[in-house]
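Trainee:
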Amino acid sequence: MKNQMLEVGKIVNTHGVRGELKIESWLDDPCLFGELEELVVNGKTYAIQSARVQGKFALVKLEGIHSIDDAMCVKGRVASADREQIPLEEGAHFIADLIGMDAFDVETGVVFGQVKAIHEYPAQDVYEVQGEKTYLIPDVPVFVEGIDDEADCIRFHLMEGLEQ
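Residue numbering for the sequence shown follows the working numbering, beginning at 253 and increasing consecutively.
Okay, structure coming up:
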């Protein structure tokens, strides 16, 4: 079952004296904070009053956080948002939904592990699959046939040298 709330970033600092927050974005683009209606921080829901981008960070003003002292109370916390608020392109997946999926070897027809992590690199993402061995599999068509949401698995073409 997919979690309705997704972690979207970490509040790394305050910004200014009026309670604006500097958030390390875990979204594909920090501009997406501008499309969100609210964030949940430490179990409390806050409406977003404004959001703008500063490099790889989002500067976000939340309703109810009016001063630097208010902002300091949430510094270091993870911010979450309802998955329905986050735009997702057709055929794309949230990384959180891929973690824990079975890894299926197309050639042998056998599940050889589970996806434990997805590492993001400039060239492509890399799936970390843990089974009897640990595998690092680049997210390129020669290795990844596809994601089967119905079967809750990712179909891989294993080749020698992918295991650690």
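Glycine included, C-beta positions come from ideal geometry on N, C-alpha and C.
For Q337, does the three-state DSSP call read helix, strand or coil?
Mentor: Of the three classes helix, strand and coil, the one that applies to Q337 here is helix, per DSSP.
Trainee: With a CB to CB cut of under 8 Å and the five nearest residues on each side skipped, what residues in its chain are close to N265?
Mentor: Around N265: L273, K274, K327.
Trainee: In angstroms, rounded to a whole number, what distance separates the CA positions of E359 and H318?
Mentor: Near 58 Å, if we compare the C-alpha coordinates of H318 and E359.
Trainee: So which of G286, V260, K262, G398 has the shortest CA-CA distance to G343?
Mentor: Comparing Cα positions, the closest option is G398.
Trainee: Going along the chain, which unbroken runs of the beta strand (DSSP E) with 3 or more residues stay wholly within the region 324-375?
Mentor: Correct list: 330-334, 354-357, 362-372.
Trainee: What's the gap between the Cα of V396 and the Cα of Q337?
Mentor: If I take the Cα positions, the gap works out to 28 Å.
Trainee: Leaving out the 5 sequence neighbours to the left and right, which residues in its chain are closer than 8 Å to S332 when beta-carbon positions are compared?
Mentor: M257, L258, E259, V260, L291, V292, V293.
Trainee: Taking 9 Å as the threshold (C-beta atoms), are W278 and K262 in contact?
Mentor: Yes, the pair counts as a contact, with Cβ atoms nearer than the cut-off.
Trainee: Could you tell me whether the region 344-356 touches the region 364-373, using the rule of 3 or more Cβ pairs below 8 Å?
Mentor: With a cut-off of 8 Å, the region 364-373 and the region 344-356 count as touching, because enough Cβ pairs lie within range.
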